[in-house]
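These notes concern the structure reproduced below.
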Amino acid sequence: MPGRFTIRLRPRVPAVWRDRMAVGFRLSPYPKLEAARAGQDRRLQAMDDPSVCAVTGDAPIAAPVPFLAASDTGALADLVLSRAARGRVPSRGVGAVL
Numbered sequence: 006m007p008g009r010f011t012i013r014l015r016p017r018v019p020a021v022w023r024d025r026m027a028v029g030f031r032l033s034p035y036p037k038l039e040a041a042r043a044g045q046d047r048r049l050q051a052m053d054d055p056s057v058c059a060v061t062g063d064a065p066i067a068a069p070v071p072f073l074a075a076s077d078t079g080a081l082a083d084l085v086l087s088r089a090a091r092g093r094v095p096s097r098g099v100g101a102v103l
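As structure tokens, then:
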């Protein structure tokens, strides 16, 4: 029965946190999805940080990791879910692999 399966997989976190993303961990070893805007004048963190596993934005940007269009919510969700399914966090300095 699909409904029972979905309920069992629902995370056990307060409802207010289910649709939130963590911010403020730029220097931590946790896997990251970097948001970048076309024409920005700052260097991508993905160039130097092996824990950045993908870059997203409005227009393709050259990066050493995969680029996902910000409008492609399905691909973004697949990336986050695949990383969460692995259930591991890299140690500092270990690169994230998609």
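Per the numbering used here, the very first residue in the sequence shown carries number 6; after that it's consecutive. Glycine included, each C-beta is placed from N, C-alpha and C at the ideal position.
Option nearest residue i by Cα separation, candidates the options
{"i": "P65", "options": "D53, L49 and G79", "result": "L49"}
{"i": "S87", "options": "V70, C58, D46 and S33", "result": "C58"}
{"i": "R31", "options": "D54, D46 and Q45", "result": "D54"}
{"i": "T78", "options": "Q45, L38 and G29", "result": "L38"}
Residues of its chain near residue i, where Cβ-Cβ distance is below 6 Å and the 5 sequence neighbours each way are ignored
{"i": "A68", "result": "L49, A51 and V60"}
Close Cβ partners of residue i (< 8 Å) along its chain, the five nearest in sequence each way excluded
{"i": "A75", "result": "A40, T61, G62, D63 and L81"}
{"i": "D43", "result": "Reading off the sequence shown, one finds Ala at residue 43, where the question assumed Asp. G62, D63, A64 and I66, listed in sequence order."}
{"i": "A90", "result": "none"}
Residues near residue i in its chain [Cβ-Cβ closer than 7 Å; skip 5 each side]
{"i": "L73", "result": "A59, T61, A80, L81 and L84"}
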